[in-house]
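S.K.:
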Amino acid sequence: MSHTLFEANAQRVQRCELAVPGSSPGMFEKALNSGADFVFLDLEDAVAPDDKLQARKNVIEAINDLDWEGHGITISVRINGLDTQYMVRDVVDLLEQCGEKLRTILIPKVGVYGDVYMVEAMVNQLEMQEGLKNRVGIECLIETALGMANVEDIAKEGALGGRLEALHFGVADFAASVRARTVNIGGLNPDYPGDQWHAAIARMTTACRAFGLRAVDGPFGDIKDPDGFKLAAKRAAALGCEGKWAIHPSQIELANEVFTPPEEEVNKARRILEALKEAAAQGKGAAALDGRLIDAASERMANNIVRMAEAIATKQ
Ligand code: GLV
Ligand code: MG
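So in the numbering used here, spot 155 of the sequence shown is number 157, and the numbers just go up one at a time.
Here you go:
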């Protein structure tokens, strides 16, 4: 192992993140009782320009008035992008008016670390000004060619900044940015012999894990295709993502199912740890379990599964 180690800036369970437009306050109460680990109230792409200011007010009111924490939800807000006239006031109003209850800010379309730096600097100042006791985390959407080209730098510098917790793969904007031949959000392209998102998700996930961040997969647009959703979620999980967005309440249970390690997987992981403990007592570094070799790397893989299962159990 390298002598360099990036510890996580924050530990949170994030199997499913429900997206809720800030301009639809009628959906807030449902989101509160949805069973998602995270909810992000959106000020960005799901909100029409004419509704931006009202959406900001709705979101601040919902964060202050509804007991998200008490419902097991980490509450987040997707602010507008740095290229808009809304972003500065989004951050200022959120921190000044509901900073105590807000848990994370999700920055869309991050292209370079400087985008994160600006939000970090603003949050640092506002936190001091307001005397906030909680530390508002930052998450970034990697959804442009520029963001993906700089993803390692964004992850590393953001992790060092102390607030960055997670990167999300925004498949829709990413497809637009690289001009992929599709108009679907997140589905597989039958013309492509494989998963056309594999390289992007693998790159982002590796950058996350190198620097102690969570990796989260973004939206799947076809809400009438639960099998397609689960397939996309399983592919992301296989690459190291620990959660996925839901753009409709029906997708929450599917994401929770995929990103909760099944009991037999947890049992197997515990048996691996037990077998290696016994082997260590006999002065051995490796052992055989069910006819397969297991060693210290197996222990690290098994520990990931057991720790995630424990974090989920603690949350519930
Ligand atoms: C999410 O914002 C996406 O573009 O997929
Ligand atoms: Mg997007």
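Glycine is no exception: its CB is placed at the ideal position from the N, C-alpha and C atoms.
Beta carbon of residue 313, beta carbon of residue 13: below 8 Å?
M.R.: Stepping through the sequence shown from its first residue, residue 313 is reached at position 311. Stepping through the sequence shown from its first residue, residue 13 is reached at position 11. Cβ distance < 8 Å, so residue 313 and residue 13 count as in contact.
S.K.: Within its chain, find whatever has a CB closer than 7 Å to the CB of residue 36; leave out the 5 residues flanking it on each side and keep chain order.
M.R.: On the sequence shown, residue 36 is found 34 positions in, with the first residue counted as 1. Correct list, in chain order: 20, 251 and 254.
S.K.: Which residues does DSSP list as the beta-bridge partners of residue 143?
M.R.: Taking the sequence shown and counting its residues from 1, the one referred to as residue 143 is at position 141. Residue 143 pairs with 170.
S.K.: Please list the terminal residues of the continuous alpha helix (DSSP H) segment that includes residue 300.
M.R.: Counting from one through the sequence shown, the residue named residue 300 turns up at place 298. Where residue 300 is concerned, the enclosing alpha helix (DSSP H) stretches over 298-317.
S.K.: What are the boundary residues of the alpha helix (DSSP H) that includes residue 158?
M.R.: Here residue 158 refers to the residue found at position 156 when the sequence shown is read from its first residue. That run of the alpha helix (DSSP H) goes 153-163.
S.K.: What does the alpha-carbon distance come out to for the pair residue 130 and residue 303?
M.R.: Locating residue 130 in the sequence shown gives position 128, counting from the first residue. Locating residue 303 in the sequence shown gives position 301, counting from the first residue. In a straight line, the C-alpha of residue 130 is about 40 Å away from that of residue 303.
S.K.: To the nearest angstrom, how far is it from the Cα of residue 23 to the Cα of residue 311?
M.R.: Taking the sequence shown and counting its residues from 1, one reaches residue 23 at position 21. Taking the sequence shown and counting its residues from 1, one reaches residue 311 at position 309. Rounded to the nearest angstrom, the two C-alpha atoms are 31 Å apart.
S.K.: Can you tell me the Cβ-Cβ gap for residue 106 and residue 76, rounded? I've got them flagged as a contact below 8 Å.
M.R.: Here residue 106 is taken as the residue at index 104 of the sequence shown, counted from 1. Here residue 76 is taken as the residue at index 74 of the sequence shown, counted from 1. With a Cβ gap of about 7 Å, residue 106 and residue 76 count as contacting.
S.K.: Quick check on residue 183: does DSSP put it in helix, strand or coil?
M.R.: Taking the sequence shown and counting its residues from 1, one reaches residue 183 at position 181. Coil.
S.K.: So residue 112 is in the alpha helix (DSSP H); what residue range does that whole segment cover?
M.R.: The count along the sequence shown starts at 1 and reaches residue 112 at position 110. Note, residue 112: premise wrong, no alpha helix (DSSP H); not H, not E.
S.K.: State the start and end residues of the unbroken beta strand (DSSP E) segment that holds residue 242.
M.R.: Taking the first residue of the sequence shown as position 1, residue 242 is located at position 240. Counting along the chain, residue 242 falls outside any beta strand (DSSP E), and DSSP gives it neither H nor E.
S.K.: Which residues in the same chain as residue 136 place their Cβ atom closer than 6 Å to its Cβ, once the five residues preceding and following it in sequence are excluded?
M.R.: Along the sequence shown, read from residue 1 onward, the residue named residue 136 stands at position 134. Nothing listed; no residue qualifies.
S.K.: Relative to the ligand GLV, what is the chain-ordered list of residues with a Cβ closer than 7 Å to any of its non-hydrogen atoms?
M.R.: 47, 110, 143, 145, 172, 173, 174, 175, 176, 187, 220 and 221
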